[in-house]
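The opening position of the sequence shown corresponds to residue 260 in the numbering used here, with each subsequent residue numbered one higher. For reference, the structure is listed below as structure tokens.
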Amino acid sequence: MDKKFEINIDSICIEGERKKVKNLHLRITATGKVKLSAPLYVSDAEIGKFVTEKLDWLKKHLKTSRTEEFWKFDQGGYVLIFAEPYKIVYNAQKNAVSNGIIFLKTSYDVRETALKAQLKKILKKKTEERLPFWEEKTGLYASSFVIRDMTTRWGTCNVKTRRICINLQLVKKREECLDYILVHELGHIINRFHDKRFYNYMNYNFPDYKRVKKSLGEP
Ligand SMILES: [Zn+2]
Numbered sequence: 260m261d262k263k264f265e266i267n268i269d270s271i272c273i274e275g276e277r278k279k280v281k282n283l284h285l286r287i288t289a290t291g292k293v294k295l296s297a298p299l300y301v302s303d304a305e306i307g308k309f310v311t312e313k314l315d316w317l318k319k320h321l322k323t324s325r326t327e328e329f330w331k332f333d334q335g336g337y338v339l340i341f342a343e344p345y346k347i348v349y350n351a352q353k354n355a356v357s358n359g360i361i362f363l364k365t366s367y368d369v370r371e372t373a374l375k376a377q378l379k380k381i382l383k384k385k386t387e388e389r390l391p392f393w394e395e396k397t398g399l400y401a402s403s404f405v406i407r408d409m410t411t412r413w414g415t416c417n418v419k420t421r422r423i424c425i426n427l428q429l430v431k432k433r434e435e436c437l438d439y440i441l442v443h444e445l446g447h448i449i450n451r452f453h454d455k456r457f458y459n460y461m462n463y464n465f466p467d468y469k470r471v472k473k474s475l476g477e478p
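Pasting the structure below:
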């Protein structure tokens, strides 16, 4: 039994730790991370059962604690694209992005879907540029990638299918954050857990990972 472990359930990532406590305890941190503490000798099966029972509670609280603050794109009519502010112009003739302006055909009231679609395109293009670079550097190859608006994680990697999932929210962060997540998720192809071997891999391929990880406010 590992002292530190990770449980992934319904795209929620739970960081668990066995320590000297009496009961299983699940909590959501201020940054929206889900942490589980468990008594030292409790079995994996018991932990699994506990988490399953708490799943509805967890989903409900994660939703209120996180989704709200994720898309504050309309403040002052600006949105961040790779940490640069872009002005949003509504009712434009076509959807386009140029010179710090994002043009949307839709009106202000229905902006969300249109804006997300534009941002997704931008992040997809950038990922198509960056992923091959990191694949070559690490020698690890994803089978495909997908961009999804997620609330709990910056990225995921399905170890079996080698499919990487990138959080749409990364489009707002500096480009190095996308790089970091790509290297991180590629690393999961050969290292399932965040163990010493995994961090050796990170150090080797992305030596500055600690700083970037911190700036990202890891979900
Ligand atoms: Zn990871």
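Using N, Cα and C, we set each Cβ at its ideal position, and we do this for glycine too. Bear in mind that the values here come from a model prediction, so they are computed numbers and not experimental data.
Lys262 and His284 have their C-alpha atoms some 15 Å from each other.
By the rule of a C-beta closer than 6 Å to any heavy atom of ligand 1, the residues picked out are His443, His447, His453. Beyond the five residues adjoining it in sequence on each side, Arg422 comes within less than 8 Å, by CB distance, of Ala401, Ser402, Ser403, Phe404, Val405, Cys416 in the same chain, given in chain order. Across the set Val301, Lys432, Asp467, Asp315, the C-alpha of Asp315 shows the shortest separation from the C-alpha of Ile271. Annotation: Val338 is outside any alpha helix (DSSP H); the continuous beta strand (DSSP E) that includes it extends over 337–340. The beta carbon of Tyr460 lies closer than 7 Å to those of Gly446, Asn450 in the same chain, with the five residues before and after it left out. Taking a contact as a CB-CB distance under 8 Å, the pair Leu295 and Glu312 does not count as one, their CB atoms being some 12 Å apart. Going by C-alpha positions, Val442 is about 21 Å away from Leu378.
Between Glu387 and Gly414, the gap from beta carbon to beta carbon reaches 8 Å or more. Of the candidates Glu434, Leu339, Asp368, Leu339 places its Cα closest to the Cα of Ile361. When the beta-carbon positions are compared, Val348 and Ile381 stay at least 8 Å from each other.
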